[in-house]
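Visitor: Numbering (this note's numbering), first residue to last: 104 to 541.
Here's a structure for you.
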Amino acid sequence: MSKLQVDFPRAAVYMDGIESAGWQAKAQRAHDLLHGKGGPGQKWLGWLDPLAPDDEEVRQITETAEGIRARAEALLVIGIGGSYAGAKAAIELLTPHFSNQLPLAERKGPAVYFLGQNLSASYINSVLSILADKDVEINVVSKSGMTTEPALALRIAWDWMTQKYGRQETARRIIATTDRTRGALRGLAEREGWRTLVVPDDVGGRYSVLTAAGLLPMGVAGLNIRELLAGAQEASAEYAVPDLDANGCYRYAVWRNELYRQGKQIELLAAYEPAFAAFAEWWKQLFGESEGKDGKGIFPAAAQFTTDLHSLGQFIQDGPRHLFETVLWVARTGSERMVPDLPGDPDGLNYLAGKSVTFVNEQAYRGTVEAHQDGNVPNLLLTLAQLDERHVGHLFYFFEKACALSGYLLGVNPFDQPGVEAYKNKMFQRLGKPGTNG
Ligand code: PA5
Numbered sequence: 104m105s106k107l108q109v110d111f112p113r114a115a116v117y118m119d120g121i122e123s124a125g126w127q128a129k130a131q132r133a134h135d136l137l138h139g140k141g142g143p144g145q146k147w148l149g150w151l152d153p154l155a156p157d158d159e160e161v162r163q164i165t166e167t168a169e170g171i172r173a174r175a176e177a178l179l180v181i182g183i184g185g186s187y188a189g190a191k192a193a194i195e196l197l198t199p200h201f202s203n204q205l206p207l208a209e210r211k212g213p214a215v216y217f218l219g220q221n222l223s224a225s226y227i228n229s230v231l232s233i234l235a236d237k238d239v240e241i242n243v244v245s246k247s248g249m250t251t252e253p254a255l256a257l258r259i260a261w262d263w264m265t266q267k268y269g270r271q272e273t274a275r276r277i278i279a280t281t282d283r284t285r286g287a288l289r290g291l292a293e294r295e296g297w298r299t300l301v302v303p304d305d306v307g308g309r310y311s312v313l314t315a316a317g318l319l320p321m322g323v324a325g326l327n328i329r330e331l332l333a334g335a336q337e338a339s340a341e342y343a344v345p346d347l348d349a350n351g352c353y354r355y356a357v358w359r360n361e362l363y364r365q366g367k368q369i370e371l372l373a374a375y376e377p378a379f380a381a382f383a384e385w386w387k388q389l390f391g392e393s394e395g396k397d398g399k400g401i402f403p404a405a406a407q408f409t410t411d412l413h414s415l416g417q418f419i420q421d422g423p424r425h426l427f428e429t430v431l432w433v434a435r436t437g438s439e440r441m442v443p444d445l446p447g448d449p450d451g452l453n454y455l456a457g458k459s460v461t462f463v464n465e466q467a468y469r470g471t472v473e474a475h476q477d478g479n480v481p482n483l484l485l486t487l488a489q490l491d492e493r494h495v496g497h498l499f500y501f502f503e504k505a506c507a508l509s510g511y512l513l514g515v516n517p518f519d520q521p522g523v524e525a526y527k528n529k530m531f532q533r534l535g536k537p538g539t540n541g
């Protein structure tokens with residue numbers, strides 16, 4: 104039984120003629136390109152074989168995380184894109200809501216804050232002021248070591264730390280996760296004597312969640328990173344077969360490509376647990392940067408249900424028919440709350456008394472799927488058996504592989520991001536960066 108069930112309840116309506124469209128043959132070709140390492144971006148396929156839980160590198164990451172957990176009250180993670188989104192996603196999924204606000208004894212580990220994922224002065228000031236009276240360590244994550252947002256945040260946080268602890272102590276409190284040999288961050292870390300972890304050469308930013316880039320912050324937050332990797336390894340075995348009937352990950356990739364072919368240009372990832380908000384950001388980054396190029400691609404959008412049923416719900420039900428939904432449902436969340444019985448039924452809700460909130464959520468989920476499908480919005484359903492490290496590791500791998508296969512099915516290179524340079528060039532010109540035409 105897979106940890107993740109993949110369904111398309113009204114597949115017959117949209118996938119009629121799936122054989123004639125030759126999807127199995129196309130999936131086989133994309134699979135061969137991926138596993139034969141013969142497709143575009145083939146030097147970025149290191150994530151295909153996740154780290155083994157007993158790998159020496161995992162021991163090193165775990166030990167580093169344990170050291171930080173023993174010393175610090177808070178970890179400041181500095182990074183952007185693939186160098187922060189995965190860690191944030193996993194931590195928010197696998198720690199209690201509002202975790203950073205809980206007393207240390209009630210948390211799984213030090214509070215984790217993120218910086219360098221925007222250029223907002225007010226955000227930077229708020230994070231640093233929250234950290235003012237805390238014992239802090241920094242993990243700066245940048246594969247290229249050259250990205251402006253985290254580089255600027257690091258400069259500010261480093262200066263702030265130096266004033267707090269002095270230069271020598273600050274050096275003991277910074278860990279850089281970056282390329283093995285290249286980039287400004289590598290040079291800086293070596294000059295300052297900071298400890299370092301490595302993002303492997305053959306793994307690009309948005310596929311790096313299960314490398315040191317994501318695993319160190321997760322380990323500091325108290326997540327069991329060996330279990331995450333075990334989940335990813337199980338998924339890599341499960342999704343290694345090219346047969347669509349046997350491979351839910353490939354079926355999902357094929358379904359979304361066929362829906363795109365039929366004019367569904369937007370994919371809305373909807374989850375019924377708010378803990379998925381950061382995960383949805385990771386997913387958007389993965390698919391958006393991987394597929395949106397050469398004038399092609401499905402636009403990845405996300406919604407939190409039932410919250411957004413009171414905002415986007417109207418548009419989904421009655422707006423243009425150019426979207427499909429991928430709905431994430433967790434079968435067992437591990438947390439429950441019962442609806443109390445109130446004497447006299449003052450609010451008319453006694454018909455729910457004795458039922459669980461999850462039961463109500465589930466009826467909302469099932470009812471919404473039906474309503475949206477009746478409104479001609481195709482719904483792809485992903486049911487995660489439960490929310491723990493193993494299942495989340497599985498889910499990360501599922502989407503990484505689905506994204507890579509989708510990119511090949513679409514005929515793009517899912518591992519580059521040439522379009523990201525355009526805003527940087529304009530920004531650098533305006534900032535007068537040396538070497539640009541500013
Ligand atoms: O997927 C990618 O490659 C990007 O989103 C990067 O993760 C992002 O730009 C950050 O890059 P870096 O880690 O080099 O700072």
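Beta carbons are placed, not taken as given, at the ideal position from N, Cα and C, and that holds for glycine.
Does DSSP classify M104 as helix, strand or coil?
Guide: Residue state, collapsed to three classes: coil.
Visitor: Rank L332, F427 and E439 by C-alpha distance to the C-alpha of H475 and give the top, closest one.
Guide: Minimum Cα distance to H475 is reached at F427.
Visitor: With which residues is K396 paired in a DSSP beta bridge?
Guide: Beta-bridge pairing links K396 to K399.
Visitor: So R298 is in the alpha helix (DSSP H); what residue range does that whole segment cover?
Guide: That residue, R298, is in no alpha helix (DSSP H); its beta strand (DSSP E) goes R298 to V301.
Visitor: Identify which residue in P517, V344 and Y355 has its Cα closest to the Cα of G395.
Guide: Closest option to G395, Cα to Cα, is P517.
Visitor: Can you tell me the Cα-Cα spacing of R113 and K191, whole angstroms?
Guide: Each residue's Cα considered, the two are about 34 Å apart.
Visitor: Let's test the definition: count the other Cβ atoms within 10 Å of the Cβ of T314 and tell me whether it reaches 16, buried, or not, exposed.
Guide: So T314 counts as buried.
Visitor: Using DSSP with H/G/I as helix, E/B as strand and the rest coil, what is F462?
Guide: Here F462 sits in helix by DSSP.
Visitor: Taking the beta strand (DSSP E) that I277 falls in, what are its first and last residues?
Guide: Residues I277 to T281.
Visitor: Alpha helix (DSSP H) containing I183: first to last residue?
Guide: That residue, I183, is in no alpha helix (DSSP H); it is neither H nor E in DSSP.
Visitor: Would you kindly report the start and end of the unbroken beta strand (DSSP E) that includes T486?
Guide: Here the beta strand (DSSP E) through T486 covers N482 to Q489.
Visitor: Output the distance between the C-alpha atoms of L534 and P423, rounded to the nearest integer angstrom.
Guide: Looking at the two C-alpha atoms, the distance is approximately 41 Å.
Visitor: Less than 8 Å between CB atoms is the rule here; does A292 satisfy it with respect to chain D?
Guide: In the structure shown, chain D cannot be found, because there is only a single protein chain.
Visitor: Starting from the C-beta of E384, find all residues in its chain whose C-beta is less than 8 Å away, skip the five residues before and the five after it, and write them out in chain order.
Guide: A188, K191, A192 and A405, listed in sequence order.
Visitor: Using only the alpha-carbon positions, how far apart do K146 and H134 sit?
Guide: So the alpha carbons of these two residues sit roughly 16 Å apart.
Visitor: Assign F217 to buried or exposed, taking buried as 16 or more other Cβ atoms, counted over all protein chains shown, within 10 Å of its Cβ.
Guide: So F217 counts as buried.
Visitor: When you compare only the Cα positions, how much space is there between E473 and A115?
Guide: Spanning the two alpha carbons is a distance of roughly 15 Å.
Visitor: What first and last residue would you give for the alpha helix (DSSP H) that runs through T265?
Guide: That run of the alpha helix (DSSP H) goes T251 to Y268.
Visitor: If G280 sits next to A316, beta carbons under 8 Å apart, how far is it from one beta carbon to the other, in whole angstroms?
Guide: Just to set this straight, residue 280 is Thr in the shown sequence, not Gly. Contact holds; Cβ gap of about 5 Å.
Visitor: For E293, which of helix, strand or coil comes out of DSSP?
Guide: Here E293 sits in helix by DSSP.
Visitor: Would you say the region 224-234 touches the region 347-357, given that touching needs at least three Cβ pairs under 8 Å?
Guide: They do not touch, by the three-pair rule.
Visitor: Looking only at its own chain, which residues have a Cβ that is under 8 Å from the Cβ of M118, when we skip the five neighbours before and after it?
Guide: Excluding positions up to five away in sequence, the list reads F111, W358 and E361.
Visitor: What's the gap between the Cα of G219 and the Cα of I241?
Guide: Spanning the two alpha carbons is a distance of roughly 12 Å.
Visitor: Checking 8 Å against the spacing of the C-beta atoms, do I401 and E376 come in under that value?
Guide: No. Outside cutoff.
Visitor: On a Cα-Cα basis, can you pick out the residue from V239, T251, K246 and T250 that is closest to Y268?
Guide: If we check each option's Cα against that of Y268, V239 comes out closest.
Visitor: How far does the beta strand (DSSP E) with W432 in it reach, from first residue to last?
Guide: Its beta strand (DSSP E) spans residues L426 to R435.
Visitor: Report the CB separation of G437 from L107 in whole angstroms; it is logged as a contact under 8 Å.
Guide: About 17 Å separates the two Cβ atoms, so there is no contact after all.
Visitor: Give the range of the alpha helix (DSSP H) segment to which L498 is assigned.
Guide: Taken as a continuous stretch (DSSP letters only), the alpha helix (DSSP H) holding L498 covers E492 to L513.
Visitor: Give me the Cα-Cα distance between D304 and F502, rounded to the nearest whole angstrom.
Guide: Their Cα atoms are separated by approximately 21 Å.
Visitor: Between L255 and M249, what straight-line distance do the alpha-carbon atoms span, to the nearest angstrom?
Guide: One C-alpha to the other measures close to 10 Å.
Visitor: If you follow the alpha helix (DSSP H) that T363 is in, where does it begin and where does it stop?
Guide: Position check: residue 363 holds Tyr in this sequence, whereas Thr was assumed. Per DSSP, Y363 belongs to the alpha helix (DSSP H) from G351 to R364.
Visitor: Using CA coordinates, which residue listed in S459, K504, C506 and A374 is at the minimum distance from L608?
Guide: Residue 608 cannot be examined here, being either before or after the span of the chain that is shown, 104 to 541.
Visitor: Would you kindly report the start and end of the unbroken beta strand (DSSP E) that includes V239?
Guide: Start and end: V239 to S245.
Visitor: Rounded to the nearest angstrom, how far is the Cβ of A214 from that of E176, given a contact under 8 Å?
Guide: Contact flag correct, Cβ pair sits at about 7 Å.
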